[in-house]
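Trainee:
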Amino acid sequence: YISEGYFDLLALWQHGLQNSVATLGTALTREHVRLLKGFIGTTGKIVLVYDSDVAGLKAAQRSLEIFDKEFVDAKILILPQGDDPDSFLFKFGRKPFIDAAKNALAAMPFLIETAINKHGLTTEGKVKILAEIIQPLAAIKDNLARSLYIKDFSERVAIDEAAILIKIREIQIKNSTLSVK
């Protein structure tokens, strides 16, 4: 578990979750992830459990690219609004925390859920969600994974898959044109 602060880390340890670290107010770096990768190995998983406020969610979003570049399987645990690991653990205890961690979101579902919560599912909201999600979708190298995420995203926000694919192709063409120059 990666948390933000001292109290979060202490609460995790007090509740028997000693496989925890904290960034202590600094941004998570590639060096941090490389160190952690040495401890978890190739089959280990990381659960990022930052505060559920705007700053914590933004920090989690920024961290996703680092995990991706270092080929680390990271999931994001979104606690109820107003809770951080410290308050959640002392309110509900270890078992509910571990149960919540089992349902932590992978990168794309996290980005989609965050965008939906931020913009809503009105027509204008869907346009903003698509604008926010299209780049990460286009960046997925595995065609099968990208196809599955597009299908899930399409169903979740009720946007036609064909429209999403057109936007992705536009980005891919633009990126390939830029890389040729």
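153 is the number that the numbering used here gives to position 153 of the sequence shown; each next residue is one higher, with no gaps. C-beta: ideal position from N, C-alpha, C; glycine also. Predicted model only: the values in this text are computed from it and were never measured.
(1) Would a C-beta distance cut-off of 7 Å place LYS126 and VAL157 closer than the cut-off?
(2) Tell me the DSSP secondary structure of LYS75 in three-state form.
(3) Could you check if PRO96 belongs to the surroundings of the ligand SAM, using beta carbon to heavy atom distance under 6 Å?
(4) Judging by CA-CA distance, which residue of ILE112, ALA139, ASN103 is the nearest neighbour of SER176?
(5) Going by DSSP, what residue range makes up the beta strand (DSSP E) through LEU64?
(6) According to DSSP, VAL21 sits in a beta bridge with which residue or residues?
(7) Any idea what DSSP makes of VAL47, helix, strand or coil?
(8) Closest to GLY93 by C-alpha separation, out of LEU12, ILE2, GLY5, PHE7, would be which residue?
(9) Give me whichever residues DSSP pairs with LEU105 in a beta bridge.
(10) Is it buried or exposed, LYS79, if we count other Cβ atoms within 10 angstroms and call 16 or more buried?
(11) Going by DSSP, what residue range makes up the alpha helix (DSSP H) through ALA138?
(12) Among LEU9, ILE173, LYS174, whose alpha-carbon lies nearest the alpha-carbon of LEU89?
(13) Let me know the secondary structure DSSP gives LEU28 once reduced to three states.
Mentor: Reading off the structure:
(1) Taking the first residue of the sequence shown as 1, we reach residue 126 at position 126. Taking the first residue of the sequence shown as 1, we reach residue 157 at position 157. Taking 7 Å as the Cβ cut-off, LYS126 and VAL157 qualify as a contacting pair.
(2) Position 75 of the sequence shown, counted from the first residue, corresponds to residue 75. Of the three classes helix, strand and coil, the one that applies to LYS75 here is strand, per DSSP.
(3) Here there are no bound small molecules, and the ligand SAM is not part of this structure.
(4) The sequence position of residue 176 within the sequence shown is 176, counting from 1. Of the listed residues, the one whose Cα sits closest to SER176 is ALA139.
(5) Counting from 1 along the sequence shown, the entry for residue 64 is found at position 64. Where LEU64 is concerned, there is no enclosing beta strand (DSSP E), although the alpha helix (DSSP H) around it starts and stops at 54-69.
(6) Within the sequence shown, residue 21 is the residue found at index 21, counting from 1. Partner(s): ILE2.
(7) Here residue 47 refers to the residue found at position 47 of the sequence shown. Of the three classes helix, strand and coil, the one that applies to VAL47 here is strand, per DSSP.
(8) For the purposes of this step, residue 93 is taken as the residue at position 93 of the sequence shown. Among LEU12, ILE2, GLY5, PHE7, the Cα nearest to that of GLY93 belongs to LEU12.
(9) In the sequence shown, counting from the first residue as 1, residue 105 sits at position 105. In DSSP, LEU105 forms a bridge with ILE76.
(10) In the sequence shown, the residue the question calls residue 79 occupies position 79. The residue you asked about is not Lys; residue 79 is Leu in the sequence shown. Classification for LEU79: buried.
(11) Position 138 of the sequence shown, counted from the start, is the residue given in the question as residue 138. From DSSP, the alpha helix (DSSP H) with ALA138 extends over 123-139.
(12) Residue 89 sits at position 89 when you count from the first residue of the sequence shown. Of LEU9, ILE173, LYS174, the residue nearest in Cα terms is LEU9.
(13) Sequence index remark: in the sequence shown, residue 28 carries index 28 (1-based). Coil, per DSSP.
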